[in-house]
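A.B. asks: First residue of the sequence shown: 204, per our numbering; consecutive thereafter.
Ideal Cβ positions, reconstructed from N, Cα and C, are used throughout, including at glycine.
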Amino acid sequence: MNEHLKKLLLESLKDQKEIFGDLLFDKLEVETVPVKPQKISLNEKEPAKPKLEIIEQKNDIVIPPEFSSCSTLEELNSKICNCVKCELGKTRNKFVFGAGNPNSEVMLIGEAPGADEDKQGIPFVGKAGQLLTDILKAINFERDDLYIANILKCRPPNNRTPVPAEMDICIPYLWKQIELINPKVILCLGLTAATGLLKLKLSLTKMRGNIYELNGIKTMVTYHPAALLRNPNWKRGCWEDVQQFRKLYDELTEKN
Ligand code: SF4
204 MNEHLKKLLL ESLKDQKEIF GDLLFDKLEV ETVPVKPQKI SLNEKEPAKP KLEIIEQKND
264 IVIPPEFSSC STLEELNSKI CNCVKCELGK TRNKFVFGAG NPNSEVMLIG EAPGADEDKQ
324 GIPFVGKAGQ LLTDILKAIN FERDDLYIAN ILKCRPPNNR TPVPAEMDIC IPYLWKQIEL
384 INPKVILCLG LTAATGLLKL KLSLTKMRGN IYELNGIKTM VTYHPAALLR NPNWKRGCWE
444 DVQQFRKLYD ELTEKN
């Protein structure tokens with residue numbers, strides 16, 4: 204297989220993983236049963252989007268007692284910024300805590316730092332970060348008014364998808380951030396962020412268009428901006444998601 208074809212195939216598989224995650228492999232396994240063989244197209248069209256509904260998500264968020272003395276994000280950051288609880292602590296260049304307005308009513312949550320983030324110590328910089336800034340502007344949010352963080356604080360080598368064990372170790376840091384910021388709404392960017400936070404084993408397609416109640420915080424799901432760069436066809440779906448997200452925010456913050 205030539206290099207170009209290999210690159211295209213890898214990108215297609217990455218896109219499919221962004222939508223289906225581990226369910227992609229379930230789907231492939233199901234296909235190995237010789238009852239009714241089906242072919243998976245690498246350009247499989249998304250099924251119709253489900254209608255908007257509120258789903259209460261009972262994800263028990265347990266904040267470790269060691270953080271009870273942290274009453275600000277700065278205190279939390281200084282407590283955890285040298286963390287080496289998983290292997291990623293040994294390979295990171297910079298710890299990426301999160302950035303934005305600590306009093307924001309809106310939190311955006313991504314997967315993990317990439318190469319640019321690892322260099323700068325700031326989430327969502329580089330091309331994907333610029334696209335995110337543009338998306339936010341289009342729904343009248345200034346990026347600096349929001350708070351942005353990731354499920355993992357350190358970059359996985361070669362931008363590989365975080366493994367569940369890494370997410371389990373790291374996510375209490377994010378829970379404490381959420382507790383301190385206390386946003387009204389959360390937008391998960393991509394399947395890994397959504398499954399990590401909501402603890403659901405569903406495809407991105409199934410999660411988009413729903414409103415989850417996570418400890419009383421309304422949470423929605425859309426594509427990761429890096430996935431949109433790889434597959435511009437998804438921008439339309441993302442646009443619908445973020446418009447719904449903005450509407451939800453406006454309803455929740457409407458001043459009577
Ligand atoms: S990814 Fe999270 S748990 Fe792992 S070393 Fe970094 S901060 Fe610690």
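Among the residues of its own chain, which have a CB less than 8 Å from the CB of Phe448, if the five just before and after it don't count?
C.D. replies: Ile342, Val388, Leu390, Met423, Thr425
A.B. asks: What does the alpha-carbon distance come out to for the pair Asn418 and Leu400?
C.D. replies: 11 Å
A.B. asks: If you reduce the DSSP assignment to three classes, tell me which class Gly484 lands in.
C.D. replies: Past the edges of the chain, shown from 204 to 459, lies residue 484, and the structure says nothing about it.
A.B. asks: For Ala352 versus Gln380, is the C-beta spacing smaller than 7 Å?
C.D. replies: yes
A.B. asks: The ligand SF4 and Cys441: does the residue's C-beta get closer than 6 Å to at least one heavy atom of that ligand?
C.D. replies: no
A.B. asks: Around the ligand SF4, what residues have a beta-carbon under 7 Å from a heavy atom of it, in chain order?
C.D. replies: Ile283, Cys286, Val287, Lys288, Cys289, Leu291, Gly292, Arg295, Phe298, Leu355, Lys356, Cys357, Glu369, Ile372, Cys373, Tyr376
A.B. asks: For Glu424, does the three-state DSSP call read helix, strand or coil?
C.D. replies: Looking at the sequence itself, residue 424 is Val, so the reference to Glu does not match. Note: Val424 maps to strand in three-state DSSP.
A.B. asks: Please work out which residues of its chain come closer than 8 Å, Cβ to Cβ, to Pro386, disregarding the five sequence neighbours upstream and downstream, and give them in chain order.
C.D. replies: Ser307, Glu308, Val309, Met310, Tyr350, Ile420
A.B. asks: For Cys286, which of Phe298, Glu277, Lys402 has the nearest alpha-carbon?
C.D. replies: Phe298
A.B. asks: Compute the beta-carbon to beta-carbon distance between Thr395 and Ile354, rounded to the nearest angstrom, for a pair I have assumed lies under 8 Å.
C.D. replies: 7 Å
A.B. asks: One question on the structure: do Pro428 and Leu339 come within less than 7 Å of each other, judged by their Cβ atoms?
C.D. replies: no
A.B. asks: For a test of the three-state rule: what should DSSP assign to Lys248, helix, strand or coil?
C.D. replies: Any answer about Lys248 is weak, because its pLDDT of 49 lies below 50 and its placement is not dependable; what the coordinates show is given next. Here Lys248 sits in coil by DSSP.
A.B. asks: Quick one: using the 10 Å Cβ neighbour count with 16 as the cut-off for buried, is Cys273 buried or exposed?
C.D. replies: When all chains shown are included, Cys273 counts as buried.
A.B. asks: To which residues of the same chain is Gly324 closer than 6 Å at the C-beta, ignoring the five residues directly before and after it?
C.D. replies: Closer than 6 Å at the Cβ level, and outside the excluded window around Gly324, lie Lys297, Val299.
A.B. asks: What residue range is occupied by the uninterrupted alpha helix (DSSP H) comprising Val445?
C.D. replies: Run containing Val445: 438–456, per the alpha helix (DSSP H) assignment.
A.B. asks: Among Leu383, Cys289, Ile266, which one has its Cα closest to the Cα of Ala368?
C.D. replies: Cys289
A.B. asks: What residues are listed by DSSP as bridge partners for Gly303?
C.D. replies: Tyr350
A.B. asks: Just checking my contact of Lys330 with Leu432 at CB under 8 Å: how many whole Å lie between their CB atoms?
C.D. replies: 6 Å
A.B. asks: Does the distance from the CB of Ile266 to the CB of Trp378 come in under 7 Å?
C.D. replies: Yes, Cβ-Cβ distance for Ile266 and Trp378 is below 7 Å.
A.B. asks: Which value, in whole angstroms, describes the spacing of the CA atoms of Gly332 and Pro305?
C.D. replies: 19 Å
A.B. asks: By DSSP, does Ile342 sit in helix, in strand, or in coil?
C.D. replies: coil
A.B. asks: Below 7 Å between beta carbons: does that hold for Glu314 and Gly393?
C.D. replies: yes
A.B. asks: Around the C-beta of Val328, are 16 or more other C-beta atoms found within 10 angstroms, so that it is buried, or is it exposed?
C.D. replies: buried
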